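The sequence shown maps to residues 11 to 269 in my numbering.
Everything on this sheet refers to the single structure shown next.
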Amino acid sequence: MKFGKRLKQQIQETLPGWRDKFLSYKELKKLVRSISSAPTLLNGSLEYGRAEEEFVYLLNNEIEKFNTFFMEQEEDFVIRNKELQQRIQRVIDIWGPNGNHPSEADCKEEMAKIRKDIVDFHGEMVLLVNYSNVNYTGLAKILKKYDKRTGGLLRLPFIQKVLQQPFFTTDLISKLVKQCESTIEAVFPVEDEEKTREAREAIIVAGEGIFRNTVAALQSMQEIRRGSSTYGHFSLPPLNLPDSELIQSVQLNSPIPIV
């Protein structure tokens, strides 16, 4: 699948509020085409320099858009993670076996609500990692097109700059994903095959909207990171998990670790 179609698909499959935050790939592609097809824009000419400045200006605006959105989401995730931990502890303190008002029924009911929120939370974090991957890949591809069509040399220095941007740095999100895994394993343990099936069904139903988008995002990340004949210096490293384990890790209650 060509990247333009893949990007369009990703935008359709992400959360509605995120859809205008992705790379304006189509517009950038049109600009590259217009620059490369204009006979007067010879490499090194004044006109060419101005056209290149416009292209770089637009790219920088896109990066600023990515960073602003990514950091806002990251901050929100940190707050939500803390709130989820506090909710779990509050339920245990009130309705747990040693709580102020022990009640197995109330405890299960409240924990079920928290489980749904954890599934959604994990799903959104996976979508944000995918957002980082897709936009990085889009930048690398549009820069490759620019250099190829115009004879320019923007790709290497620009990508080196991109690698230092907040939207590309997913260490904190990876840490939160791992904390989410640990919480699920500790609070919602699965003890046998029957409970595994029940947990899977409950999680899928509870996180139906996010779940569908999360699976699509994981598949996209794997495709983007998979080594191929076009794999090179600017490609993201491949994911370590095979297809079946990748999807199964989301369907069960142990989310995929993002590295």
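All C-beta atoms, glycine included, are put in the ideal place defined by N, C-alpha and C.
Small disclaimer: the values here were computed from a predicted structure and weren't measured.
Legend entry - Own chain residues within Cβ distance below 6 angstroms of residue 144, not counting five before or after: 20
Inset, instruction - Can you give me the start and stop residues for the alpha helix (DSSP H) that residue 130 sits inside? - result: 114-160
Inset, instruction - Can you say whether residue 159 is buried or exposed, counting buried as having 16 or more other CB atoms within 10 angstroms of its CB? - result: exposed
Legend entry - N-terminal and C-terminal residue of the alpha helix (DSSP H) that residue 182 is part of: 181-197
Legend entry - Proximity of residue 186 and residue 87 at Cβ, strictly below 7 angstroms: yes
Legend entry - Whole-angstrom distance between residue 14 and residue 119, CA atom to CA atom: 45 angstroms
Inset, instruction - Ignoring anything shorter than 4 residues or poking outside the region 66-104, list the alpha helix (DSSP H) runs there in chain order. - result: none
Inset, instruction - Please report the Cβ distance between residue 117 and residue 133, rounded to the nearest whole angstrom; I am assuming they are in contact, meaning their Cβ atoms lie under 8 angstroms. - result: Not a contact, Cβ separation roughly 25 angstroms.
Inset, instruction - Measure the alpha-carbon distance for residue 166 versus residue 125 and round it to whole angstroms. - result: 44 angstroms
Legend entry - Whole-angstrom distance between residue 148 and residue 33, CA atom to CA atom: 7 angstroms
Inset, instruction - With a threshold of 16 other CB atoms inside 10 Å of the CB of residue 173, please say whether the residue is buried or exposed. - result: exposed
Legend entry - Enclosing alpha helix (DSSP H) for residue 18 [first to last residue]: 13-23
Legend entry - Assigned exposure category for residue 121 - 16 Cβ within 10 Å defines buried: buried
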